[in-house]
Amino acid sequence: MAVIWTPRALSLLVAALGGWATDAAFPMRGWWPLAFVGMAALVWACGRDSARWNALVGWVWGLGFFLPHLWWAHYAVGPVPWVALSVAESGILAGGVAAFTWARRGRWVRHRTWLHAPLFATIWVVIEQLRQVWPFGGFPWGRLGFSQGDSPLLSLATIAGAPLVSFAVVLIGHYLADAVRLLLPGPGRRDEVPAHRHWRQPAYRLVAGGLVLGVGAVLPLPSTQAEEGVLRVGAVQGNVSEPGLGAFANAQEVLHNHARGTHELADEVGQGNLDLVVWPENATDINPRADAQAAAEIDAAAEAIDAPILLGTDRYDDEARYNEMILWQPGVGSTYAYAKQIPAAFAEYIPMREVARLFSPAVDMVRTDMAAGQEVGVVPVPVPRTGEVADVGTVICFEVAYDALIRSAVQDGAEFLLVPTNNASFGYTSESEQQLAMSRLRAVEHGRTTLQISTVGVSGVIAPDGTVLEETGLFTHESFAADIPLRSTLTIADRLGDWPMIVFTVLAVLALALGVVTGRRQRPRPAGAEPAEGAPVRTSPEPATGSDAHVGAAP
């Protein structure tokens, strides 16, 4: 491994472009191989043995990624919250890159460059997990695993969910960076290596990356066959009059749209031919349990279709409000409710309200903070046609990004997954498509058909193997019906639970501790300089490290 003198400005430029390329791997563009290219750019750019410098590089990469990836936040709430969120998420990534810099200095890691790729991938996955839980309940948007819906790596979700898919993406990206670095001319590499050996080490890295992709390609996907019967489900995407935060100013109109869509669905499929109809989050902001007119309109729709409706509404209680999905039985009313367990910080509740108001007056649009529900998201739906009860696993909106919530529902018996969401505030941005990509990974991770239903789109039905069977447009009034196979088999990911993440975390902490304790940052000696008196004389090339030294440049 030898010193590679690279202009700092070039490193920052490569990092920024790498972040942008990684965003292009996600919907709406969906060029998933660019996730490997983006990670390779980050690895190449943070080659210097300076934790502070590499943290800056990681932060620049994060801005290149999060600013375009979270553009929908700019559309919804303006530039200040969008930039603040992007800067904060990038800062967490920067800390992970700094941690990797310390960890790879460890006595047992520094010269074993083949360990650098899995080490970086492990630390990256732990940082993604940290973003999932901290601060203010976490914000796991932009996890690399969510970019691989059309990739062979999607099948890895059945083993250990999004963390393993992200791990594989980073691993391949690091191998790609290593191969490129080894092929570049420079001291101690191409111009000093015999021709017959020049391609060997780069080829090893590329083969290793190819093998990771190959494992994903041959790993079987979950079966799409029903195990517990079939649930006939209708879905209504009611739409709103205009995009943006003002979309729900007329709550009665939104309720009318979904009720009308249900009557249209009844005309299309016939009365009594569905077991369940699903409406999205916030399908009615007028709580039908407290408003007789809203109750009558919903009940009329349920009677017309002759099926219960699972719909989103709010509930106010003791100076708090709850975002709920309630099961409405025709002629009976609400019989079950699931309350959102992780309200979105600065959207559904406002931490540090007085401070937040300094950055955006929009925080006062949230007059009553949302409280967290406590029950696992499994809704029991009686099915008179079969005499059975179908257990519907539901999470609400952003909760689809959180691993533990959906897994707990499946472990509690959920036989298919429902993701009701309200995307009206985000206009024609990629937010809804990004969310559908998350639902796609969840379908494979848990081996369950997953139905995402949105107020405005994109809604869709995803088979357990990740195939999108049905997809609506954005800001359209649509409804559809689907036969949902109910399944009870647990995937390996469900059986392992939190253990993969526990192992990743322990390994990352141990590597960081060993790097801090046994590692030593050294600065490269200028070419031709004599060693200090008493210093050992080296007879073979040694890895040089320092603020301008790249690491991992040679085997």
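Just so we're aligned: the sequence shown equals residues 0 to 554 in numbering that gives the first Met the number 0. Even for Gly, the Cβ is constructed at its ideal location relative to N, Cα and C.
The distance from the Cβ of residue 34 to that of residue 168 is about 5 Å, consistent with a contact at the 8 Å cut-off. Under the 10 Å beta carbon count, residue 497 is surrounded by fewer than 16 other beta carbons and is classified as exposed. For residue 308, the pairing in a beta bridge is given by DSSP as 276, 327. Here residue 101 has 50, 511, 514, 515, 518 as same chain residues with Cβ atoms under 8 Å from its own Cβ, once five neighbours each way along the sequence are excluded.
For residue 93, the closest alpha carbon among the candidates 145, 308, 130 is that of 130. Counting along the chain, residue 90 sits inside the alpha helix (DSSP H) bounded by residues 78 to 102. Non-local C-beta neighbours of residue 468 in its own chain, meaning closer than 6 Å and more than five positions away in sequence, comprise 460, 462, ordered along the chain.
With distances taken between CA atoms, residue 261 lies nearest to 301 out of 230, 301, 288, 343.
Linking residue 506 to residue 166 through their CA atoms gives a straight-line distance of about 13 Å.
A residue is called buried once 16 or more other Cβ atoms fall within 10 Å of its Cβ, and residue 422 is buried on that count.
Below 8 Å, too few C-beta pairs join the stretch 134 to 145 and the stretch 108 to 122 to call them touching: fewer than three.
About 18 Å separates the Cβ atoms of residue 230 and residue 464, ruling out a contact at the 8 Å cut-off. Residue 481 has its alpha-carbon roughly 15 Å from the corresponding atom of residue 270. In this structure the stretch 355 to 363 does not lie against the stretch 272 to 292, because fewer than three pairs of beta carbons, one per stretch, are closer than 8 Å. The C-beta of residue 364 has fewer than 16 other C-beta atoms within 10 Å across all chains shown, which makes the residue exposed.
A contact between stretches requires three or more CB pairs, one per stretch, nearer than 8 Å, and the stretch 235 to 244 meets this requirement with the stretch 421 to 437.
At a Cβ-Cβ threshold of 8 Å, residue 273 and residue 206 do not count as neighbours.
Its Cα nearest to that of residue 28, the residue 68 stands out among 76, 68, 367, 212.
The C-alpha of residue 431 is placed about 19 Å away from the C-alpha of residue 443. Listed in chain order, the beta strand (DSSP E) elements of length 3 or more contained wholly in the stretch 31 to 74 amount to none. In the DSSP assignment, residue 449 is bridged to 416, 461. DSSP, reduced to helix, strand and coil, places residue 401 outside both helices and strands of the structure shown, so it counts as coil.
Here residue 369 carries a strand assignment [DSSP, helix/strand/coil]. Here residue 509 is exposed, its C-beta having fewer than 16 other C-beta atoms within 10 Å. Look at residue 287 here: in three-state DSSP terms it is coil, with no helix or strand label. With fewer than 16 other beta carbons inside 10 angstroms of its own, residue 316 counts as exposed.
Secondary structure of residue 174 (DSSP, three-state): helix.
Residue 501 counts as exposed, since fewer than 16 other beta carbons sit within 10 angstroms of its beta carbon.
With fewer than 16 other beta carbons inside 10 angstroms of its own, residue 386 counts as exposed. Collapsing the DSSP output to three states places residue 205 in a helix. Per DSSP, residue 430 has no beta-bridge partner at all. If you look at residue 353, you'll find it in the alpha helix (DSSP H) that goes 352 to 358. Setting aside the 5 residues that flank it on each side, residue 477 is surrounded in the same chain by 236, 471, each with a C-beta closer than 6 Å to its C-beta; the list follows chain order. Segment contact: the stretch 318 to 325 against the stretch 364 to 382, three or more CB-CB distances shorter than 8 Å; contact assigned. When secondary structure is reduced to three states using DSSP, residue 333 falls in the strand class. Counting C-beta atoms within 10 angstroms of its own C-beta, residue 20 has 16 or more neighbours from the protein chains shown and is therefore classed as buried.
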